[in-house]
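Colleague:
Have a look at this one:
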């Protein structure tokens, strides 16, 4: 049996550009003579064990390009996190269908799945090539400069805070926006890129890389309100106390946990509501508003970084190229990573799966200001080129006060 | 004293295009010989009574154009709702500064302020011309086809639901998005314009124009999940029971009886959380996510309808033209209204202030489907041209299933 079929699947939370990677795989595969058929699994690994495959070879280039420009996982996704037995079933199905190459687009959980499947194939002496294609709005994969999907979500967060700051300047008070990111604060930190003038918000940024102390938070807000007459705050959903306990988990008892044992932080406005309540009660500030950006930050259609789009396409293309031609002639499994080679320019490498799988990158110290509530210029310089072209900009009237004629 | 000064101010909630109207006034005023100075009041009527004026005549055309393209009220806004005494102070200041024309950009509260100020001037025999310039994302001004600000917010809501639907299709479950609009459901109904394929969400839309019955809501959701394996729901923040009692108050009370949650939480995420909780508890559905669009829907920078931009500019221009040249030679105070003259084309009229002030338009019956949980084609036809050009679009892979080789 000639292993001339490849399989591609998408796992975890969708992003604005995850279909660019899918289409990158399909389009690149079309020009390789060693590949006859490109299968897609519906809803990630679940689709594999259920043999729920579609033949992507029968899709037109035109429609593939349209799908590439559409956010969210076109093949469907899953939250299943396969254990050894699950991965053995995956391998069993791949073998039965004569799949020679397996491409899985996802985050660090997905890279771990690829690692186990790769291991199974090696133990069975089955010539499977397994490649992990990176994707996550959290930007938490180790070994990569950044991950596809993050720049577009970061752009959404930056634009959201740029707008929220203008709204808050028009109707002063305290505004708090809760941003996704369980362990890594990159997406929350992106709020800083919405700032233009020195007195613009976000005035305070709370990251999961730093311990959250409620009393300090309230003192910070109080000081900012005293200084600016208002305060815009960016808060990561993953903020926690010194013991690592999520601030949200301290407040609600019946918290939903997913299959990975993680507490459900997204899809609820509770954290924002609670922090606003604290500000109102303890600081006596009347106009306090909280938003939870929720699914909008990863699913909103029409907010995308063109740099992110192109790179997401390229990681898909490179995955097929690494699989078919190897790296410097050496054929091995791995995880595609983005390396920054200039300001701004990127190249791609194939990391060993063990170097990425199940590991979590968090924000490096050099990206976080000493106060712990702001980012550094190093972070601004890091993120700006990723946000892409055409970022909307905010302008102000210049002051030209008129003398009073009545009041003293 | 020659009344060659005009005053412009912005009130109520900011919109994406409210500065277009401001700049429309300023730019149009520059070409009228009868106008020497254009003052702006900082933070609406509050800025008037405090004599907090800026001289907009000293601003460059270039920067005015940049400000016009910036969302939120560049002059600042206020939530003050002036009573008679407040309006008398406003009039007192206008008189002291020799203001001949007063332009107030705002919603129906603002139009009522203009009405009272206009009345004060008439009683005092002071030759003030007072014009209300419409603005509200709620689209609830009577006498207008629609109001500036609504189309851009509607575009945000449509794009948000288009994306949320894709996300929900990738990871099936129930998704619920709460949209602004206390009395008028126009903005919530705009979610329907995010729908492309017949099985796309939003599958259910709950408007304040219809009575919300929790049991019926749960039955609707159950039926949709049975049909599609998932359900995307748009809910207006203003949903209420038959007695007019907000559902939020009702559910929060239930929660208090169950000693479950925090009734003190008056934050914006509560309604979504409570409805999600009901779905989880009563329907036994595990994956239920709720977002509250909050301030993003009115302040997000970079989501704007070009039709809305142009019309918001025109209502500002027309306000000055109506003030300087009258309507068919007749000089009177009034509120500028948009009239639809073709598909799509608009013209402007000057309504009597009494016809607009303090009145609230809600969605007409012909816009709401018989089921009460969808919009009609009449509404789709009404809204689509207002959303403007370049609306992002969603595409799908076409089905090409692969035969199973293992499973039965």
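Chains as they are written, first to last, in the working numbering: chain F, 4 to 411; chain R, 4 to 411.
We put the beta carbon where it would ideally sit given N, CA and C, even for glycine.
May I ask which residues mark the beginning and end of the alpha helix (DSSP H) holding residue 154/F?
Modeller: Here the alpha helix (DSSP H) through residue 154/F covers 153-173.
Colleague: Going along the region 232-244 of chain F in order, which residues come within less than 7 Å of chain R, judged by CB to CB distance?
Modeller: none
Colleague: Could you run through the region 64-77 of chain R and flag, in chain order, every residue whose CB is less than 7 Å away from some CB of chain F?
Modeller: 66, 69, 70, 73, 74, 75, 76 and 77
Colleague: Under the DSSP definition of a beta bridge, which residues are partnered with residue 382/F?
Modeller: Among the bridge pairs identified by DSSP, residue 382/F is matched with none.
Colleague: Pick from 334/R, 184/R and 359/R: whose alpha carbon is nearest that of residue 147/R?
Modeller: 359/R
Colleague: Is the distance from the Cβ of residue 165/F to the Cβ of residue 397/F below 9 Å?
Modeller: yes
Colleague: Please report the straight-line C-alpha distance between residue 231/R and residue 201/R, rounded to a whole angstrom.
Modeller: 11 Å
Colleague: Go ahead and pull the three-state DSSP assignment for residue 279/F.
Modeller: Correct three-state label for residue 279/F: helix.
Colleague: What number of angstroms, rounded off, separates the C-alpha of residue 309/R from the C-alpha of residue 20/R?
Modeller: Those two C-alpha atoms are separated by around 10 Å.
Colleague: Where do the ends of the alpha helix (DSSP H) carrying residue 94/R lie?
Modeller: 87-99
Colleague: Contact criterion: CB-CB distance below 9 Å. Does residue 304/F meet it with respect to chain R?
Modeller: Chain R, which has a Cβ nearer than 9 Å to the Cβ of residue 304/F, makes this yes.
Colleague: With distance defined between alpha-carbon atoms, name the residue in 133/F, 187/F, 101/F and 131/F nearest to residue 139/F.
Modeller: 187/F
Colleague: Note down the Cα distance separating residue 361/F from residue 110/F, rounded to an integer number of angstroms.
Modeller: 9 Å
Colleague: Measure from the C-beta of residue 213/R to each C-beta in chain F and report whether the shortest distance is under 9 Å.
Modeller: Answer no: the Cβ-Cβ gap between residue 213/R and chain F never drops below 9 Å.
Colleague: Measuring CA to CA, which of 95/F, 141/F and 142/F is closest to residue 121/F?
Modeller: 95/F
Colleague: Buried or exposed for residue 126/R, going by 16 or more other Cβ atoms inside 10 Å?
Modeller: exposed
Colleague: For the putative contact between residue 286/F and residue 224/F, defined by C-beta atoms under 8 Å, what is the C-beta separation to the nearest angstrom?
Modeller: 6 Å
Colleague: On the CB-based measure, 16 or more other CB atoms within 10 Å of its CB, does residue 192/F come out buried or exposed?
Modeller: buried
Colleague: Ignoring anything shorter than 4 residues, give me the alpha helix (DSSP H) runs that lie fully in the region 284-369 of chain F, in order along the chain.
Modeller: Counting only runs of 4 or more, we get 299-302, 309-328 and 356-359.
Colleague: Give the C-beta separation of residue 47/F and residue 81/F to the nearest angstrom, bearing in mind that I take them to be a contact with Cβ-Cβ under 8 Å.
Modeller: Right, their Cβ atoms sit about 4 Å apart.
Colleague: Between the C-alpha atoms of residue 92/F and residue 410/R, what's the straight-line distance to the nearest angstrom?
Modeller: 12 Å
Colleague: Check residue 13/F in the structure and name its three-state DSSP category.
Modeller: strand
Colleague: Report buried or exposed for residue 157/R, applying the criterion of at least 16 other Cβ atoms within 10 angstroms of its Cβ.
Modeller: buried
Colleague: How about residue 296/F: is its C-beta nearer than 9 Å to some C-beta of chain R?
Modeller: yes
Colleague: Please state whether the Cβ-Cβ distance between residue 106/F and residue 9/F is less than 9 Å.
Modeller: yes
Colleague: Restricting to Cα atoms, I'd like to know which of 304/R, 209/R and 134/R is closest to residue 334/R.
Modeller: 134/R
Colleague: Measuring only the C-alpha atoms, how far is residue 379/R from residue 282/R?
Modeller: 26 Å
Colleague: Among 348/R, 337/R, 347/R and 171/R, which one has its Cα closest to the Cα of residue 354/R?
Modeller: Considering only alpha carbons, the answer is 337/R.
Colleague: In whole angstroms, what separates the C-alpha of residue 321/R from that of residue 339/R?
Modeller: 8 Å
Colleague: Let's see if you can read the secondary structure: which residues bound the beta strand (DSSP E) around residue 223/R?
Modeller: Taken as a continuous stretch (DSSP letters only), residue 223/R belongs to no beta strand (DSSP E), being part of the alpha helix (DSSP H) at 217-231.
Colleague: With respect to the beta strand (DSSP E) encompassing residue 239/F, which residues constitute its N-terminal and C-terminal limits?
Modeller: 234-239
Colleague: Quick check: residue 25/F and residue 71/F, are their CB atoms within less than 9 Å of each other?
Modeller: Cβ distance < 9 Å, so residue 25/F and residue 71/F count as in contact.
Colleague: What first and last residue would you give for the alpha helix (DSSP H) that runs through residue 71/R?
Modeller: Here the alpha helix (DSSP H) through residue 71/R covers 64-71.
Colleague: Locate the alpha helix (DSSP H) running through residue 50/R, then write down its first and last residues.
Modeller: Unbroken alpha helix (DSSP H) run through residue 50/R: 47-52.
Colleague: What separation, rounded to the nearest whole angstrom, lies between the Cα atoms of residue 292/R and residue 190/F?
Modeller: 20 Å
Colleague: Taking all protein chains shown into account, decide if residue 209/F is buried (16 or more other Cβ within 10 angstroms of its Cβ) or exposed.
Modeller: buried
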